[in-house]
Amino acid sequence: MTSRPTPYVTDPAEYWGGIDDAVARAGLDSPVLALDLGALEYNIADLRRRSGGVPIRVASKSLRIRSVIDDVLSRPGFAGVLAYDVAEARWLATASGVTDVLLGYPSVRRTAIGELLADDVALERVTLLIDDPAQLDVIDAIAAPDQRAPLRVAIDLDASLRILGGRVHLGVRRSPVHDLTQIRRLAQTITSRAGFTLVGVMSYEAQVAGVGNGVPGQTLMNTAVRAMQSLSMTELRHRRGRAIAAVREYADLEFVNAGGTGSLEETAKDAAVTDIAVGSGLLGGHLFDTYRHFQPAPALAFGLDVVRRPSPDYATCAGGGWIASGPPGPDRLPKPVWPTGLEYVDTEAAGEVQTPLHGSQVRHLRVGSRVWFRHTKSGEVSERAEQVALIARDEAGRADVVDVVPTYRGEGKCFL
């Protein structure tokens, strides 16, 4: 098993303090994103180990740093991108030359679809996701089949667990295509219409990949979650296998994408799956601290400046309200990690333009000090900054900024 980055395990002060010193020496202003390349390397190796040889498709929404996406795709074990927007998919296919881009969500953005249909290179490399014939109608309304080249499409198979006759739904609300009859009907519809080529199927078992099963202090809940996840994967492997076999009666599929960071080992056991989507596990947002079977290294963090001291027991940082999407709650807040012992003020938490903190180490902070945070997820934090400092460590453990690269925002891109 791959060892964890030594400084993070044995000496958090060396790990976080090294990042802080490196960014300070480089003269980078806050808010600043920093990506520790040693931690990224650990995560890459650990994901490959967990996937058991099944190719990993990079989920771009969880990175939003094109140079990092390109770097990861150059590694053995990684192939293709799972994009989150049509315009983004086309951009990655043309600007970065990614030859296999699957759109992970349906779209009816007419301008972006029209630009894709007019781009011969992107049409060969991008696959749109479909779960309803109405989505095909939208595409045909933009450009009729006889006015364009055939468009690559994939079916989104719902991977949720439905029990008690569907009265209990465990998973995200994605595709309406859940059972064998529904996917067979949609496959027949797609393949009977001019202008579309059915090349793949996708399914995302969010109730396994995106739900922590090792939350501290929640023994009974963790046991229940793990039981649900085991039941869900057993049901899904059976249903997905039958669904893929049914679709293959209508089309020669190039890929079957499934899973996510939290389900790698289990999804890899599914013989019907040809690649597994992974994103957040590369950068290690603190959402994954609550998983029992793995824990990525905290590769990406952001630093904020202390700009005032309202009293000896409080320090206030500029900015900080980088709250993650999902059900509102404390777990969606960025996590202050350095200096240790800092906590939010209950009445303010992470603020739009300022964030007060208190705790055991606050008296050591001064105006101009920097506080480091981990974001709940990974990609969303890149929407808050234009660049990322890449941190490397020499043999003696000294951390330095070896490059500064743009995020999507830094390249002038804002997709969703």
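Every letter in the sequence shown is one number past the one before it in the numbering used here, and letter 13, counting from 1, is 5. Virtual Cβ for every residue (Gly too), placed ideally from N, Cα, C. Here the structure is a predicted model, which means the values were calculated and not measured.
query	result
Run of the beta strand (DSSP E) containing E335, from where it starts to where it stops	334 to 336
Coil, strand or helix - G158 by DSSP	coil
Segment contact, 8 Å Cβ cut-off, at least three pairs: the region 67 to 78 with the region 381 to 397	no
Beta-carbon proximity list for D77, same chain, < 6 Å, skipping 5 on both sides	F407, L408
Cut-off 6 Å between Cβ atoms - residues of its own chain near R229, not counting five sequence neighbours on either side	D262
Straight-line gap, Y410 to A384 (C-alpha atoms, nearest Å)	Nothing can be reported for residue 410, as the shown portion of the chain is limited to -7 through 408.
Reduced DSSP secondary structure (H/G/I, E/B, other) of G351	strand
Assigned secondary structure, P290 (DSSP; H/G/I helix, E/B strand, else coil)	coil
Nearest residue (CA-CA) to V265, options Q379, R232, M220	R232
Coarse secondary structure for Q210, derived from DSSP in three states	coil
Expected contact under 8 Å - CB spacing of P23 and G311 to nearest Å	5 Å
Coil, strand or helix - G389 by DSSP	coil
Among S374, R362, A18, C309, the one whose alpha carbon lies nearest that of R300	C309
Beta bridge counterpart(s) of A384 as assigned by DSSP	D392
C-alpha gap between S352 and N214, whole angstroms	31 Å
Where D129 falls: helix, strand or coil (DSSP)	helix
Reference A269; option with closest CA among E257, L279, H278	E257
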